[in-house]
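>
Numbering (the working numbering), first residue to last: 39 to 214.
1) Is residue 124 near the ligand COA, going by C-beta to nearest heavy atom under 8 angstroms?
2) Using CA coordinates, which residue listed in 46, 123, 93 and 56 is at the minimum distance from residue 194?
3) According to the Cβ coordinates, are residue 125 and residue 190 closer than 9 angstroms?
4) Do you know how far the Cα of residue 129 is from the Cα of residue 208?
5) Tell me the DSSP bridge mates of residue 204?
6) State buried or exposed for residue 85, treating a residue as buried only when at least 16 other CB atoms are found within 10 Å of its CB.
7) Short check: CB of residue 91 to CB of residue 72, under 9 angstroms?
8) Taking all protein chains shown into account, do 16 or more other C-beta atoms lie within 10 angstroms of the C-beta of residue 202, making it buried, or fewer, making it exposed?
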């Protein structure tokens, strides 16, 4: 391998950071012992800028170019964004219908529904628990219940686990 640039990030297909490299996992480094690397990174990835700074944290993250692309928000160098999971609100769900299955009995029916019936309470003798077409009936909440649980779902594209590493030793890049 040729001499890397100081601070260069490489992807490796093995599970360790080579000599003179460190995992790109957000480690805090002492500024005094890494002044050249700090002059490139500053506090873009964290640290207090007086005695410490941090390496980029690509553990479990996808890299994305900084700046602004077509139809995207501007992204600053070192700015994390996105989420591992998402919970949709009703406004974010597409318009849809829920099916309500009616009851088509075989044989005879009781004219006195039980309290557990669709109308939710016991009826008087000879009360028929069916309504004429176009009639509005309040159903028991058990018959038409809330759907969904408000639980987040995974919000990530397919990934392949690889090792991201930062060159701690290398050629200092020349500014244009």
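Think of the CB as a built atom: it goes at the ideal place given N, C-alpha and C, for glycine as much as any other residue.
On the basis of the coordinates in this document:
1) Inclusion of the ligand COA in the displayed structure is not the case, the ligand content being empty and no account of it being possible.
2) 123
3) yes
4) If you take the alpha carbons of residue 208 and residue 129, they lie about 51 angstroms apart.
5) Residue pairing by DSSP places residue 204 opposite 47 and 60 in a beta bridge.
6) buried
7) yes
8) buried
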